[in-house]
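> Numbering (the UniProt record's numbering), first residue to last: 1 to 170. Each residue gets a CB set at the ideal place from its N, CA and C atoms; glycine is no exception. Pasting a structure here, questions to come.
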Amino acid sequence: MKTLKNVFTLLMICSIAVGCGGEKKKEEDASSKVKIKSAETSKSDDNVANIVITADDLMKFNTNEIRVKAGQKVKLTLRHLGKLDKNVMGHNVVILNLGADLGAFAASAATQKENDYIPVGTQDVLVNTKMIGGGETTSIEFTAPAAGVYDFLCSFPAHFALMNGKFIVE
């Protein structure tokens with residue numbers, strides 16, 4: 001119950017911080033108009049899924065669904081389209097193992113700043129990118145696991161509430 005209260009408190013603080021930005025003229029460009037859809041997948045080789053996910057300063061991924069085939073090589077690229085530093089608005093992509101509790105993982109991750117918000121010794125993580133800030137890009141390569149529906153999220157404190165989705169392995 002205490003963990004749930006801490007997660008709720010983090011969400012409220014984050015919501016207040018984002019909502020109290022003042023009445024600033026909205027500067028909209030292509031990067032801020034993000035639609036929720038499947039991640040961009042290009043296949044230069046039938047055995048490689050090139051997945052590109054974007055994130056921004058408004059705590060949004062451009063997708064909430066990624067689809068790959070079991071055993072397929074995956075190259076996952078995360079692009080942070082925002083301007084804020086990783087200490088303020090950092091993003092990563094963490095794909096959790098089947099059966100991992102997304103909320104419990106996120107609560108544990110929130111206390112692990114020194115490890116880029118990945119709990120030391122956790123068995124919940126299948127793979128993760130490094131934490132990046134505005135204007136940065138990072139990639140990881142891995143082999144897709146067995147068929148199933150896996151959760152993915154950004155593990156920066158409180159981001160998981162808005163920045164999560166399903167990694168679907170067929």
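DSSP three-state call for N62: helix, strand or coil?
Correct three-state label for N62: coil.
> Going by DSSP, what residues sit across from N115 in a beta bridge?
BP columns for N115 are empty, so no partner.
> Could you give the distance in angstroms between the alpha-carbon of A49 and the alpha-carbon of V68?
Rounded to whole angstroms, A49 to V68 spans 7 Å at the Cα level.
> Using a Cβ cut-off of 7 Å (strictly closer), state whether L162 contacts chain B.
Looking at the structure shown, chain B is missing, and only one protein chain is on hand.
> Are the Cβ atoms of E170 and K75 separated by less than 7 Å?
Not in contact: E170 and K75 (Cβ atoms no closer than 7 Å).
> Round the Cβ separation of D151 and A100 to the nearest angstrom and send it over; I've been treating them as touching at under 8 Å.
The Cβ separation is near 7 Å, so the contact holds.
> Who does T77 pair with in a DSSP beta bridge?
Note: T77 sits in a beta bridge opposite V52 and S139.
> Roughly how many angstroms lie between the CA atoms of Q112 and A158, to the nearest whole one?
Between Q112 and A158, the C-alpha separation is close to 13 Å.
> In terms of residues, what are the limits of the beta strand (DSSP E) holding N164?
It spans N164 to V169 - the beta strand (DSSP E) in which N164 sits, taken as one unbroken run.
> For residue 179, which residues from the same chain have a beta carbon less than 7 Å from its beta carbon, with the 5 sequence-adjacent residues on both sides left out?
As shown, the chain starts at 1 and ends at 170. That puts residue 179 outside it, with no answer to give.
> Quick check on DSSP: helix, strand or coil for N128?
Of the three classes helix, strand and coil, the one that applies to N128 here is strand, per DSSP.
> Among all the DSSP beta bridges, which residues are the ones paired with H91?
H91 pairs with I132.
> Counting along the chain, where does the beta strand (DSSP E) carrying L153 start and finish?
G148 to L153 is the extent of the beta strand (DSSP E) around L153.
> May I ask which residues mark the beginning and end of the alpha helix (DSSP H) holding L102?
Taken as a continuous stretch (DSSP letters only), the alpha helix (DSSP H) holding L102 covers L102 to A109.
> Can you find the residues in the same chain that come closer than 8 Å, C-beta to C-beta, to I132, ignoring five residues on each side of it along the sequence?
Here the set comprises L78, H80, K86, G90, H91, N92 and T138.
> Report the rounded CA-to-CA distance for G82 versus C154, giving the unit in angstroms.
Straight-line Cα distance between these residues: approximately 15 Å.
> Could you round the C-beta distance between N62 and T54 to whole angstroms and report it? I think they count as a contact, below 8 Å.
That pair is a contact at about 4 Å.
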